[in-house]
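Have a look at the structure below, then the notes.
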Amino acid sequence: MAKNNPPKSAISPTRAEDYAEWFQQVVRAADLAETSPVRGCMVIKPWGYAIWENMQRVLDGMFKATGHKNAYFPLFIPLSFLEKEAEHVEGFAKECAVVTHHRLVAGKDGGLVPDPEAKLEEPLIVRPTSETIIGAAFSQWVQSYRDLPLLINQWANVVRWELRTRLFLRTTEFLWQEGHTAHATQAEAEEETAKMLGVYATFAEQYLAMPVVTGPKTASERFPGAVETFAIEAMMQDRKALQSGTSHFLGQNFAASSGIRFLDAEGKQQLAWTTSWGVSTRLVGALIMTHADDDGLVLPPHVAPAHVVIWPVFRGDDTKPAILAAIAELAASLRQRRFGERSIEVEVDLRDNSGGDKQWEWIKKGVPLRIEVGPRDVTSASVPVARRDRPPKEKEIVPFAALPERVPALLAELQQSLWERALKLRDAHTQAIDSRPEFDAFFTPKSAERPEIHGGFALSHWCGSPGCESQIKDDLKVTIRCIPTQIADSAGAKHLLENGECIVCKQPSKQRVVFAKSY
RNA sequence: CGGGGCGUAGCGCAGCCUGGUAGCGCACUUGACUGGGGGUCAAGGGGUCGCCGGUUCGAGUCCGGCCGCCCCGACCA
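In terms of the numbering used here, the first sequence has 187 at position 187, counting the first letter as 1, and numbering is strictly consecutive.
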């Protein structure tokens, strides 16, 4: 039986060979999404969308548990609304899609053109974010201190006309949630900002098994119009940072431009304090780049569309009914079990494909556990269970009767092992660096033509000056990802709050910041 | 928008220099053989070679123009 030479890994190129191309291939091999005829926009396919739905479900629960309610605001924002907040306009004006007409007519060449007669009095922009339109609503909703706090979230799509796009990481249109809250006091709004950052960090770590560094951004990385922006930053497997969620303290900037005022308990008119916070489908990209390997996607059980896939191995027709019956029974008993907040989701693959095809397809899709059931297994009343975090051929034999207990336990182990693996990678490439030559070496690949994976998170001192920050950016394309006061679960973070000298100008500095190349 | 590269079947590519009427691998369909595995054999389906124009008896190939995509910058969740 001659065989073709199967590739060493299911995904080609590998991460080490060409990380960016590897990412694209994983997205395609796992059938998560594809490019669309619309420039910069993606079609999210069922497997990719199911991951997003799982993220949504968990996050939505966390938002509601912290007192937020969902609502929905218009896709279109009158141009004048955006103009109200000076920094905000400046930040977003460059990347706005603008609607100028409301009707098409036949053009000279037989095509359709905007009807000059149907020009809008005031152009509408497609929301790049909704502070201004939600601010307008809030100004109506808030009259008294008794109306506060106002805690709202919306699940929506937004459009930012980016010049270069990549599936999931930066698309022209993307899906996200944006929380918008208004408070009576600065302290309350600041507390909210911190609380939601904490929700994101908890979600990333406990559900996505993705370690994150949290902290404020520098002024140059701040959300346009915010007083302070906080982020969760994760290290991808190419050691670049991915900003995976943000929480903004907006001060009274948007309350002033939108007129969100209330009468306090003393009958004095006050401006509200607002916040906003969001995560997007970029999290799917983060998930891929945190866990996927050279055989494709690897899904943390908590957000996997299916926890387990089962398929039959037939040898002759006489054992088929027994195999199918065994599969039905195993699937039914597993579905009665739970993992986390969800029932165990079992995919039964009865397609008429070869077993090898199925195996590799589900490996590439990242399903946590794979079970095959053949005549031998029916006879022995046990099945081989393969874990996605182990080599494809490694299997554990589990008796039928033990499976409903064993599967949730294995899922928990797998969730934990992905977390540990990701944490280990991050810590291996996070280091305190105090000299500029060492810093430069850390962020400079050995091969200039074909840069190898290099760098990571450098914990270095910064004097706080924008000049030093931009110097580093110009020299090395390295930016300050955030200014953490601690990094949970990280051994390397104990030097964060030491005194030292700025990596650029040698002025005194009271703490280290996280420098990295980023997406 | 600046610099570079590329558009040939669903995906990955060869053919272009030296014009002669389209091919390879994978995938797909059918059948047989297989059977704890991305197997073997056979027979098939699928392409106005990015678009428009020019040169020529003849253009995927040569020339001109346009469009799109990718990579490197600038911008960014």
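Yeah, the Cβ is synthetic: ideal placement off N, Cα and C, and Gly gets one too.
Since this is a predicted model, take the numbers as computed values, not measurements.
- Ranking Trp419, Trp360, Ser417 by CA distance to the CA of Lys393 puts Trp360 first.
- Between the C-alpha atoms of Lys446 and Ile125 there is a straight-line separation of about 46 Å.
- If the five residues before and after Ser139 are omitted, its C-beta is found closer than 6 Å to the C-beta atoms of Ser258, Gly259, Ile260, all from its own chain and listed in chain order.
- In this model, Glu192 and Thr275 are separated by some 7 Å (Cα to Cα).
- Of Ile453, Gly366, His88, Gln143, the smallest CA-CA separation from Ala10 is found for Gly366.
- In this structure, the beta-carbon distance from Thr229 to Phe223 falls below 7 Å.
- DSSP places Gln269 in the strand class (E or B) of the three-state scheme.
- The DSSP-derived three-state label of Val227 is coil.
- Contact between Ile480 and Thr218 holds: CB atoms are separated by about 5 Å, below the 8 Å threshold.
- Looking only at Val227, Gly179, Glu329, the smallest Cα-Cα distance to Ala401 is reached by Glu329.
- Per DSSP, reduced to three states, the secondary structure at Gly356 is helical.
- Taking 4 residues as the minimum length, the alpha helix (DSSP H) runs contained wholly in the region 173 to 221 are 186 to 206, in order along the chain.
- The beta-bridge partner set that DSSP reports for Asn157 consists of Leu175.
- Judged by their CB atoms, Leu167 and Met289 are not nearer to each other than the 7 Å cut-off.
- If you draw a straight line from the Cα of Ala194 to the Cα of Asn157, it comes to about 24 Å.
- For Phe314, there is no enclosing beta strand (DSSP E), since its DSSP letter is neither H nor E.
- Going by DSSP, Leu403 is part of the alpha helix (DSSP H) stretching over 403 to 428.
- For Leu263, the enclosing beta strand (DSSP E) begins and ends at 261 to 263.
- Sequence-distant partners of Thr185 (beyond 5 residues in either direction) whose C-beta falls short of 7 Å from its own C-beta, in its chain, are Trp273.
- In its chain, beyond the 5 residues on either side, Ser333, Leu334, Gln336, Arg337 have a beta carbon closer than 8 Å to the beta carbon of Pro404.
- His102 counts as exposed, since fewer than 16 other C-beta atoms from the protein chains shown sit within 10 angstroms of its C-beta.
- The Cβ atoms of Glu396 and Val383 do not sit closer than 7 Å to each other.
- One thing to note: Gln415 has its Cβ no nearer than 7 Å to the Cβ of Pro321.
- If you draw a straight line from the Cα of Leu411 to the Cα of Ser509, it is about 45 Å long.
- About 7 Å separates the Cβ atoms of Lys364 and Leu297, confirming a contact at the 8 Å cut-off.
- In the structure shown, the three-state DSSP call for Phe254 is helix.
- Counting other Cβ atoms within 10 Å of its Cβ, Lys477 stays below 16 and is therefore classed as exposed.
- Taking 7 Å as the cut-off, the Cβ atoms of Gly278 and Trp176 count as close.
- Contact between Val303 and Tyr207 is confirmed by a C-beta separation of about 6 Å, below the 8 Å threshold.
- For Val58 and Trp419, the gap between their C-alpha atoms comes out near 18 Å.
- About 5 Å separates the CB atoms of Leu242 and Ala234; that is less than 8 Å, so the two are in contact.
- Around the beta carbon of Ser460, 16 or more other beta carbons lie within 10 angstroms, which makes this residue buried.
- In the displayed model, Gly456 falls within coil according to three-state DSSP, outside both helix and strand.
- Under the three-state reduction of DSSP output, Arg512 falls in the strand class.
- Per DSSP, reduced to three states, the secondary structure at Val385 is strand.
- Boundaries of the beta strand (DSSP E) around Arg481: 479 to 482.
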